[in-house]
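All remarks here apply to the structure that follows.
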Amino acid sequence: MKVFAHRGLSSIAPENTMAAFERAIVINVDGIETDVQLSRDGKIVICHDEKVDRTTNGRGYIKDYTWEELQAFDAGSWFSPEFANARIPGLEDLLKLVRKTDLCLNIELKTDKVFYPQIEEKVLDLLEKYDFVDRVRISSFNFESLLKV
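Per our numbering, the sequence shown starts with residue 13, numbered consecutively.
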């Protein structure tokens, strides 16, 4: 059996933030499940929802913001003042964190509601860059997206 931390250790830190991922590593899970979308400028962004409304102090769709604009949002205060000023991470941030561990990743391509051109290719390129292809599971509700992987 493998134990995965859903959106990081989201019961004690804001979901899909570096704080949640770091805490998952500390408790020695086998892997982390996370979700990816694309910013307006093509950066692979970690966030479950298509909009930033629920998990940040921002409003609107991730696809409508650049990476730099997304970094201005507070992704932690909604959860607890302890996590004020947490930022929305990119997939590259997570890969840098876990590459020296034995963790696996389950990356969900969030392509069922919003179309993200070439997200599959971008994710695969980043996984290859960090030599992580053999330690990842790709999931999606979008069949066409899965065929591209």
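Each residue gets a CB set at the ideal place from its N, CA and C atoms; glycine is no exception.
Give me the Cα-Cα distance between residue i and residue j, rounded to the nearest whole angstrom.
| i | j | result |
| --- | --- | --- |
| R66 | L50 | 17 Å |
| D137 | I56 | 11 Å |
| L117 | I100 | 18 Å |
| V126 | E62 | 7 Å |
| H60 | V48 | 7 Å |
| L103 | Q130 | 15 Å |
| E133 | T29 | 23 Å |
| A152 | L82 | Residue 152 is actually Ser in this sequence, not Ala. If you take the alpha carbons of S152 and L82, they lie about 23 Å apart. |
| I39 | F91 | 20 Å |
Kindly list the residues whose CB is nearer than 8 Å to the CB of residue i, restricted to its own chain and excluding five residues on each side of it in sequence; keep chain order.
| i | result |
| --- | --- |
| A246 | Residue 246 lies beyond the range of the chain shown here (13 to 161); nothing can be said about it. |
Quick one: grab the DSSP three-state call for residue i.
| i | result |
| --- | --- |
| E45 | strand |
| V64 | coil |
Once you ignore the five residues that flank residue i on each side, which residues in its own chain have a CB closer than 7 Å to its CB?
| i | result |
| --- | --- |
| F33 | G20, I44, L106, L109 |
| D53 | T78, W79 |
| S157 | L121, T123, E132 |
Less than 8 Å separating the beta-carbons of residue i and residue j?
| i | j | result |
| --- | --- | --- |
| T68 | I58 | no |
| D42 | L139 | no |
| A36 | A17 | yes |
- Item | Meets three-Cβ-pair contact criterion under 8 Å: the region 142-149 and the region 67-82 | Contact between the region 142-149 and the region 67-82 is not established, with fewer than three Cβ pairs separated by less than 8 Å.
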